[in-house]
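The sequence shown finishes on residue 272 if you use the working numbering, and the numbering steps up by one all the way, no holes.
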Amino acid sequence: MWGLIPCTRRLLSVAPGGTLFLLGTDSLGRDVFSRVIYGARISLTIGLIGVALSFVIGLVIGVFSGYYGGWPDHVIQRGIEILRSFPTIPLWMALSAALPASWSPLQVYLGITLVLSFIGWTGLARQVRGKILALREEDFVVAASLLGAGRWRIMLRHLLPSFTSHIIVSLTLALPGMILGETALSFLGLGLRPPITSWGVLLKEAQNVQAIASYPWLLAPALAVIVTVLAFNFVGDGLRDAADPYAR
């Protein structure tokens, strides 16, 4: 044990001069554990960048729709309803298939991020609109308006800070959806492609049932996806409880 205590039993071992692969190797002999770690960089950054872009789009449209109301609000809400009426996976597939096949892996990476952001902003916009509708008639908003504050100042300096905690929780809970979206697209062959390594690209190698029966460790990236999605959901629930003292 640790080169100090002689032992006769071993929990695991390899042949002399061999290499230990914690999660086995793929069909080309590459270490699955190392590829899962490298794939985490791509899958997580797509989630973070996609949520950041969705945050900007959803925040601007939601604030504009909720504060101004009238026909702009009706047009925006009907557009959101039309966009949300499409099935998610077929819409992702159609937008991803529209990306040119000649694009480099980096361009595909950026394209997938934009696709996920283009679809993911609708929920946040609806939530922001609802908060704005509930707060725009409050006393502090009326007071700021009577003191001569402009509409954009009221929206940016008074309305948005009043529900910042809610926005943070919504963004935290939106991250798992972005990660699952990239994983699903790459698994179907419409997202990222080798040599870029992501969890979806790694799971694409496990599409064959015979491969899973012979090499079940190829499903290891699925475990990483499950753990990450659960972690972000737990963080989102914790932030929601911290932001709302009455949430139990």
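Ideal placement from N, C-alpha and C gives every residue a C-beta, glycine not left out.
Practice problem: Check each candidate in 181, 242, 195 and 256 and name the one with the smallest Cα separation from residue 141. | Solution: Taking the sequence shown and counting its residues from 1, one reaches residue 141 at position 117. Of the candidates 181, 242, 195 and 256, the one whose C-alpha sits nearest the C-alpha of residue 141 is 195.
Check whether the stretch 113-123 touches the stretch 162-179, counting contact only when three or more Cβ pairs, one atom from each stretch, lie closer than 8 Å. Output reads no: the stretch 162-179 does not touch the stretch 113-123.
* Pick helix, strand or coil for residue 50, following the three-state DSSP scheme. => For the purposes of this step, residue 50 is taken as residue 26 along the sequence shown, with counting starting at 1. DSSP places residue 50 in coil when its eight states are reduced to three.
Quickly, what does DSSP pair residue 55 with across the bridge? List them, please. Along the sequence shown, one-based indexing puts residue 55 at 31. Within the DSSP secondary-structure output, residue 55 pairs in a beta bridge with 49.
Just how far apart, CA to CA, sit residue 71 and residue 26?
One-based indexing of the sequence shown puts residue 71 at position 47. One-based indexing of the sequence shown puts residue 26 at position 2. Looking at the two C-alpha atoms, the distance is approximately 40 Å.
* To do: Take the Cβ of residue 99 as the centre, count every other Cβ of all protein chains shown within 10 Å, and call the residue buried at 16 or more, exposed below.
  => As a first step, residue 99 is located in the sequence shown; it is residue number 75 there, counting from the start. With fewer than 16 other Cβ atoms within 10 Å, it is exposed.
Q | Short Cβ contact (9 Å threshold) for residue 67 with residue 203 | A | Counting from one through the sequence shown, the residue named residue 67 turns up at place 43. Counting from one through the sequence shown, the residue named residue 203 turns up at place 179. Going by C-beta atoms, residue 67 is nearer than 9 Å to residue 203.
In the structure shown, what three-state DSSP assignment does residue 151 receive?
-> Reading the sequence shown from its first residue, position 127 is the one you call residue 151. Here residue 151 carries a helix assignment [DSSP, helix/strand/coil].
For residue 144, count neighbouring Cβ atoms within 10 angstroms of its own Cβ and tell me buried if that reaches 16, exposed if not.
Here residue 144 refers to the residue found at position 120 when the sequence shown is read from its first residue. Flag for residue 144 reads buried.
Do you know offhand how far residue 35's Cα is from residue 80's? Along the sequence shown, read from residue 1 onward, the residue named residue 35 stands at position 11. Along the sequence shown, read from residue 1 onward, the residue named residue 80 stands at position 56. Distance between the alpha carbons of residue 35 and residue 80: 51 Å.
DSSP three-state label for residue 191, please. Within the sequence shown, numbered from 1, the residue matching residue 191 stands at position 167. The answer is helix: DSSP assigns residue 191 an H, G or I state.
Of the residues 250, 257, 266 and 240, the one placed nearest residue 47, counting alpha carbons only:
Taking the first residue of the sequence shown as position 1, residue 47 is located at position 23. Nearest of 250, 257, 266 and 240 to residue 47, Cα basis: 240.
Straight-line gap, residue 151 to residue 157 (C-alpha atoms, nearest Å): Residue numbering aside, residue 151 sits at position 127 when the sequence shown is read from its first letter. Residue numbering aside, residue 157 sits at position 133 when the sequence shown is read from its first letter. Their Cα atoms are separated by approximately 10 Å.
Subject >> Top-ranked residue by Cα proximity to residue 77, from 136, 219 and 53 >> reply: Translated into positions along the sequence shown, residue 77 becomes position 53. The shortest Cα separation from residue 77 among 136, 219 and 53 belongs to 136.
What first and last residue would you give for the alpha helix (DSSP H) that runs through residue 112?
By one-based count along the sequence shown, residue 112 stands at place 88. Taken as a continuous stretch (DSSP letters only), the alpha helix (DSSP H) holding residue 112 covers 112-121.
Counting C-beta neighbours from all protein chains within 10 Å, is the total for residue 229 16 or more, i.e. buried, or is it exposed?
Numbered from 1 along the sequence shown, position 205 holds the residue referred to as residue 229. Its Cβ being crowded by 16 or more others within 10 Å, residue 229 is buried.
*asked:* Could you tell me the alpha carbon to alpha carbon distance between residue 63 and residue 224, rounded to whole angstroms?
replied: Along the sequence shown, one-based indexing puts residue 63 at 39. Along the sequence shown, one-based indexing puts residue 224 at 200. If I take the Cα positions, the gap works out to 8 Å.
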